[in-house]
Structure formats: C-alpha cells, structure tokens
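Line order of the protein sequences matches chains A and B. As numbered in our numbering, residues 1 to 581 make up the first sequence, in order. As numbered in our numbering, residues 1001 to 1238 make up the second sequence, in order.
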Amino acid sequence: MNLGLVRGIAAGVAAFLALYFGLKTKLPHEGSATIAYVVSLVVYLAVGGGWAAFQRWLNGTEEPEIHGPRRYFDFTTDHKVVGIQYLCAAFFLFFYAGILALIMRTELAKPGEQVIGFQTYNTLVGMHGIGMVIVALTAIIGGFGNYFVPLQIGAKDMAFPRLNALSFWLVPPAALILIAALFNGGVDFGWTAYAPLSTRGPMGKLFFLLAFATAGFSSVFGAINLLVTIIRMRAKGLTFWRLPIFVHSIGASSAITLIATSVVASSLFLVIFDRVLGTSFFDATRGGSALLYQHLFWFYSHPAVYIMALPGFGLMLEILPVFARKPLFIYRWVVVSFWAIVILSCIVWAHHLFTSGMWALLNFPFMITTELISVPTGIVFLSALGTIWRGSIRITPAFLFAASIVANFMIGGLTGIFLADVPTDLHMHDTLFVTAHFHFTIVGAAIFALFAGFYFWFPKFTGKTMNAKWGMVHFWSFFASFNATFIPMFWTGSHGLRRRVADYSVDMSGVQMWISCSAFFIFLATLIFLVNVLRSMRKGAAAPENPWNAGTLEWTLPSPPPVHNFNRPPEVIRSPYTRVV
Amino acid sequence: MKRLRALVIILGSATIFSLGLGWLFSAYPMMPLAASQEAVRVDRAFNGLLWLSIPIYALVMCSLIYSLSAFKSSDDKARGEEFEHSRGRWVEGLWLGVSLVLTLGLAGFGSYELKHILADQKHADMEIQVNASQFSWEFFYPEHEAYKPQLYLPVNKKVRLILKSADVLHSFWVPEFRLKQDVLPNRVTQMVITPTVKGDYQLRCSELCGLDHTIMTAQVHVVDDETYAKQFTEGESW
C-alpha cells in the first residue's frame, strides 16, 4: 500500500534496526539505540511525505488536494484531516492503555499473584499512565483543537499547516517505541520516571523516555501553532471578547504547554544523558541530586493537568449554553479565570514534594498557591451552574457528558484540597486516594469532555446523526461504572493501600473485587460508544445543517466542511453567546 | 415566589444530603486506627476538611440536579431566560468572595497544623536509624548498637527516625502513624513519631522503587519499655 504513514513507518523501522545492530558492535547498546531512534525518526518523516512537503514549500508549489480515506494516512496539511488523525490516534491509545488497566485490575481482583508477576505489573502501571497522559494531552487539543479552532475563528487553515502535520506525525513513532519498550525489559518507574531509579535498568526505560520526549516536541509544536493561529488568523470583527470559550481554553492551555513543556524535556534529556553519556545529574552514587528530577518533572507535569483540564472546561462551557438555550453565564470572568489558572498552575508544582524531604518551609507557600487555584476553577463551575439555571434544557448525550463534568470535578477538586493540605497529604501521598483523585479530575474533565465534544460535533465531522438512544446508554453506563470504580479507591487509599502495588492484604479483597468488576463495565460502556460511532457513520440519518442551533461559526458551514472552509472570509458582529440563534 | 421555592428546595435537599453524607462518614470512618500522637493532628486536619467539603459538595450537586429536573424541556424552539450575569452581579461576587475566604482559611488552618507538626519534630527522646535498600528495611538501634530487620518502638516515647537509602528513592509509611517521609540516597531525612497504641503494624515503602516495591514491607512492633529492653538482652535476634 502506497500510504505515507505505512511507507514512513516501514522505512523508519528498517532504518532503526539497521543502525542499531550496526552500531551496537562498537558503541554501548543504549547509545546506539538513541542514535538509531533519532536518525530513524528523520527517515520516517522524510519518507512518509515530509520531504515532499518540504520540497513543495521550497519550490513554492501548492499543496495537492488528496481526497478519500487515504488522506488520513498521508502527510496532509489540511487542519481537519490532522484533527481526525489526532482523534483516531488518541482513541487507539485510549483502548490500548485501557486494556492495560484491565490486565492490572484482573491481577488486583484477588489478593496474591494471579495472572502477572511484579515486573509485568510495574510495566503496566507505567504504560497505562503514560498512554493515558498522551491521550488526555492530545485528544481534545490535537483533535478538536485542530479541527475546530480554525473553523470557530473563521480561518482557512492553521497558521503553520506543515508544522501542524509534523506535530501529529511525531505521535505514531512515540506510540510505537512505547510499545517496543514492553518487549525490552519494560519499565518499573510508573509514568513519572523518578531518578535515580530511571537512570539504571533495562533498555525499555530508555525507550519510554524517548517516547515521552517525542510526545513533548509534538505538544510544543502544536501549542505554538494554535497560539499563533488564534492571535493572527481571526476573522474580521472577532475580537478577544467575542471568541468562543473553547478557543479561549485552547489558547490558555497552549500557553501552559509553551511555558512548561521545555522543562520536562530538559529533565528527560538529562536522564537520557545519565544513561547514555555517563553524566551524573541524578545518579546519587556519583554525586547527583535525587530531588532535582522531581522539581523539574513536576514543574511541567502539574501544569500539564491543566493542559488536560482547561480544554475540557472550555468544551463543557461551549456545549452547555447550546443545550440550555441561553447565553454563557459570566463569560468574561471565565476567560480571566482561565488565565489565572495558567499563571497559578506554574507555581504549585512542589505540592507533589511535600513528603520528599525538601526544605520544610517550602511546604507553606506551595500549600497556599495550590489551594488558591480552586478559586478560578470555582468560577468556571459557577459559570456552568449559572448557564443551565433557568434554561430550557434539551437532554442529549452531549449535554449529559458536559454537565456531569461538574459532578466529577466537584469530587476531584474537593479531594484535591485534602492533597494540597500538607498535614493530610503526609498520610494520603502515594496512596490510592491520589489515584482516585486524579482519575476524577482528568477522566472527569478531559475524557468526559472528549465524549461530549464527540456527540456534539459528530454531525459536523460526518454530516450524519449519531444515534442518541445508544448515546444515552453509553453515558449512563460510563458514568455509573466510572464512579463505581474510583469512589472506593478513596477508601482503600486512606486505609493504607499504596499506589502502584500489585498485591494487598486479604481484608480488602471484597472492595478490590468490586473495583475490578466496575472497571470491566467501563470497558463495556466504551465498546458501546465505539459500536455506536461505527454504526452511525454507516447508517446514521443525514444531519441538518445546524442540528443543535449553536451560534459558533463552524455551524455556518456545510457538514463536513469543504477543504478550504469558508468561500469568503466571514465577518463577525457579535459574541456567539449574546443571542442563541 | 418561584425563585424562593427553588432556593428552599435546593437548601433543604442539600441539608438532608449533607446529613446523610455526615452519617456515612461517621459510621464508616475514612481513616484507620490512629496509633501515634501525630496521627491525632493529621486526623483533626482531615476531619476539618471533610466537614467543610460535605456541605459544599451537597450544595453544588443539589443545584445541579435541581436544574436538570426543573429546567428540562422537550420543546426544541423554546429558549431559556437570557442573562449573561446575575442581576446586580451579586452571585459571582459572592461566589468569588466566599471561595477566596474559604481557601485562605483552609490554607491558614493547614499552616497552623503543619507548624505544630514541624515544631513537634524538633525534640525526641531517642533515635533509631532506618536503612532502606531495594527491597528491604533494616533498623539500627544506636543505644544498643544492634541491627534488626524489624522496627521495635517503645510506647509513648518520642522517637527520631534517621532515614537513609542505599540506592533509589523509598518512602517510610506506617498508615496507623499517618506521617510519611521519603528516604533519599544522597541525603539524610528524618521524622519524629510518638506511638501511643501498643500493637503490631506494617511499614510500607510508598515510593515506587522497582521490581519488588510491592513487598518492601517490615514489621513494626510498638511495645512497653520492658519488652523493648528485652529485645536487646535475650541473645542474638539474627
């Protein structure tokens, strides 16, 4: 098959294997693997279509229009195609990491060793974590952000279409080398890769670090592109205070990506240097620091949860007014809150280090900043409540997924206060309580918003109607099984169950069996969604032009939108929320 | 009248919901046995946050559920009431003010408890060294110059634990004592604990440290002074 992606991956894998086995006779194994990975990444991009696109750019020729399903497998600059590519890749990773979670839950269903040993279990913990982190980081921003930001601001495409293609194309190699890590000794350091544990051990860890760094580059390219697009490509009359709230949320989360991601990249590179070049930034036996890594890592990774959550908030607030048939409540307050979250999120990282042994007085400022972030977050949820208040609500799957974010995030946010408070965190840190907390915030905001957005925009993607009855079945089964899975974890965590352990004492076997069964119901609920999507794509009735009567610009276009979006540049004369059409 | 009715329904159901949750958490406590002086402080902080969170959660959930049921409409053409902000803008102002005060109050409360926990860490009656390595614990009792694989603590004595790691990060945690402290390879960390309830507990490494992290545990025995002394006189323990 002459598809760009297939061609690129074949060439990349071949280049990697040839270089790795060629070099490893002369160099240390990890050094040759790193060189082989970097070179094969370039080969993959060039052969997959990047070189041709680069040539077209140098020669000044137009990008060809590719039609039909094959464009989804090519180096394509159309932002709508890139958005779909991101969404498909994200759902693929979502299923992959979800199945890893099910294997863990099978092991945990009973005390003692069931199906897998400690090493496999540790690997699954790390792989599930990083897989889902990449899903939460890319699905809404990469998928919906790429597809709908240009449409909502009345632009023809993104500001840098080739960079956009590049940022998606870095995701498949990251996913591939992450899967390769499974077969090279795996990882035993969770998704956080704390040094000095990450500076030693099997090659799987190096692959994990390379995958994480690659995904980081992709994320930064995407963020630059989205920010420039939002700042420079808006239609005439689309002022800052007229931007759809989803665009604001993407802008704010891109700003966080831009500020913080380079720091985590630096920490990953330093670990790779420790492993490959024999430096000793983190290796304590050779004079490195054991705490430095945690500071660098969380300087990115705490803001990262807001990179995941903000687009979720934005989508929630985009969808609620449409189905409540009224304007968005306190729109400007929300925008200011988003930017307050951007600033605050960068000065809270050390709340992950309350038990780490850092200087004790540092606990106070980080406790205060962390608790302060609940103020702007609270404004976001006041906006959600005020928007549906005295509305005329049409209950649809999209609305329910959006509204349930309030319910999920109340639990996630309030339990976050227990973890921000140093005295209680000294007990709760590194327990299942934390696991439950961040599943309520990340799944509760980002994944629920992903589903909400999917039901909302499905008619726009395909021109077809998605089956609402099965959508409701999906919502209620997903919501119920999600809560049934994670609420008991608060209890097991505070009663002494640590995170990332493969075994536990017998007195918890009842509740553990319950959690494992509920986890399988989450999987079933997601299967309902998948089947519904595939069926509706084939058999769904044709959708009306603006099925939900929404006020944003993407609904003025036919579905699916034409390649160059707008025939004439649109002119905007009002906010999308002042009057619902 | 309509607005008043809504307010009464929401406040009433939130009160009932709060009482229900309060009963649930009293009947099934979230925390295990508190077996140290420090645990009492942590539990006080936990309960303070819990009793504050319950009404907030109940209020938001009740207004959400009320809105979903009261403002539901099947008429596609119908429109909701058009307001972009509250009349006189008092709701958002009140919300901002209350959340700011609550947050700063919580931070103050947490700082107060933390200050006392830190002050309690300054003095101790005795010292025990804790050596962590992948994947086991070892305890050195300087007064008796003895190494043991189990941790013996005399009841009601303030003990300073000097924590060291031979390789990677570990973390010292006995759930019944509440406090947790990471163990680092290149620097010494410490924690002070005053066990108050005699019994056997389990020390668990709570920082992922590699392959056998799950089973990196050790027995902790809180005993009276006599039994404690006996551990070091009755022949070789290992």
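The C-beta atom is built at its ideal place from N, Cα and C for all residues, glycine as well. Here the structure is a predicted model, which means the values were calculated and not measured.
For glutamate 1081/B, at least one C-beta of chain A is nearer than 8 Å to its own C-beta. In its chain, beyond the 5 residues on either side, His128, Ala519 have a beta carbon closer than 7 Å to the beta carbon of alanine 101/A. Between glutamine 119/A and aspartate 74/A, the CB-CB gap reaches or exceeds 8 Å. With a minimum length of 4 residues, there is no unbroken run of alpha helix (DSSP H) contained wholly in the stretch 535 to 564 of chain A. Alanine 542/A counts as exposed, since fewer than 16 other C-beta atoms from the protein chains shown sit within 10 angstroms of its C-beta.
Taking a Cβ-Cβ threshold of 7 Å, the residues of chain B close to valine 501/A are His1213, Thr1214, in chain order.
For tyrosine 1057/B, the C-beta contacts it makes with chain A under 8 Å involve Met410, Ile411, Leu414, in order along the chain. Taking the CA atoms as reference points, leucine 277/A sits about 54 Å from valine 1060/B. Listed in chain order, the positions of the stretch 538 to 549 of chain A with a beta carbon within less than 9 Å of a beta carbon of chain B are Asn549. Within the stretch 1110 to 1121 of chain B, the residues whose Cβ lies closer than 7 Å to some Cβ of chain A are Gly1110, Ser1111, Glu1113, Leu1114, Ile1117, Leu1118, listed in chain order. Taking a contact to require three or more Cβ pairs closer than 8 Å, the stretch 265 to 282 of chain A and the stretch 139 to 151 of chain A do not qualify as touching. In this structure, the CA atom of histidine 474/A is about 19 Å from the CA atom of glycine 312/A. Measuring C-alpha to C-alpha distances from arginine 1044/B to each of Phe1109/B, Asp1120/B, Gln1181/B identifies Phe1109/B as the nearest. Annotation for histidine 1144/B: no alpha helix (DSSP H) segment contains it, and DSSP assigns it neither H nor E.
Closest option to alanine 1166/B, judged by alpha-carbon separation, among Ala1132/B, His1123/B, Gln1181/B: Ala1132/B. Taken through DSSP and simplified to helix, strand or coil, proline 1032/B comes out as coil. When CB distances to chain B are screened at a threshold of 9 Å, not a single residue of the stretch 216 to 244 of chain A falls below it.
Separation of phenylalanine 451/A and arginine 162/A (C-alpha to C-alpha, rounded to the nearest whole angstrom) is 28 Å. Contacts with chain B (Cβ-Cβ distance below 8 Å) from the stretch 384 to 399 of chain A involve Leu385, Gly386, Ile388, Trp389, Arg390, Gly391, Ser392, Ile393, Arg394, Ile395, listed in chain order.
Under the DSSP assignment, phenylalanine 1135/B falls outside any beta strand (DSSP E); it carries neither an H nor an E label. Flagged as an interface residue toward chain B: glutamine 119/A, by a C-beta distance shorter than 8 Å. Not a single C-beta of chain A is nearer than 8 Å to the C-beta of glutamine 1219/B. When the five nearest sequence neighbours on each side are left out, no beta carbon in the same chain lies closer than 6 Å to the beta carbon of glycine 1093/B. Spanning the alpha carbons of threonine 462/A and asparagine 363/A requires a straight line of approximately 51 Å. At least 8 Å separates the CB of tyrosine 37/A from every CB of chain B. Between isoleucine 272/A and leucine 206/A, the beta carbon gap of about 7 Å places them in contact (Cβ cut-off 8 Å). Against chain A, the CB of leucine 1024/B has no partner CB under 8 Å away; the residue lies outside that interface. Nearest C-alpha to leucine 292/A among Met358/A, Ala181/A, Trp333/A, Ala252/A: Met358/A. Between the C-alpha atoms of isoleucine 411/A and tryptophan 51/A there is a straight-line separation of about 49 Å. Take the alpha-carbon of valine 42/A and the one of glycine 12/A: they are about 8 Å apart. For the set Leu361/A, Pro562/A, Phe566/A, the Cα lying nearest the Cα of glutamate 65/A is the one of Pro562/A. Of all residues in the stretch 338 to 370 of chain A, only Thr355, Ser356, Gly357, Ala360, Asn363, Phe364, Met367, Ile368 come within less than 8 Å of chain B when Cβ atoms are compared, listed by chain position. Per the Cβ contact rule, the stretch 195 to 204 of chain A is in contact with the stretch 1161 to 1178 of chain B (3 or more Cβ pairs under 8 Å).
In terms of CA proximity to glutamate 545/A, Pro558/A leads the group Asp78/A, Tyr306/A, Arg535/A, Pro558/A. When DSSP reads this structure, tyrosine 44/A sits in no beta bridge, so it has no partner. Taking a Cβ-Cβ threshold of 9 Å, none of the residues of chain A is close to tryptophan 1051/B; the smallest such distance is about 12 Å.
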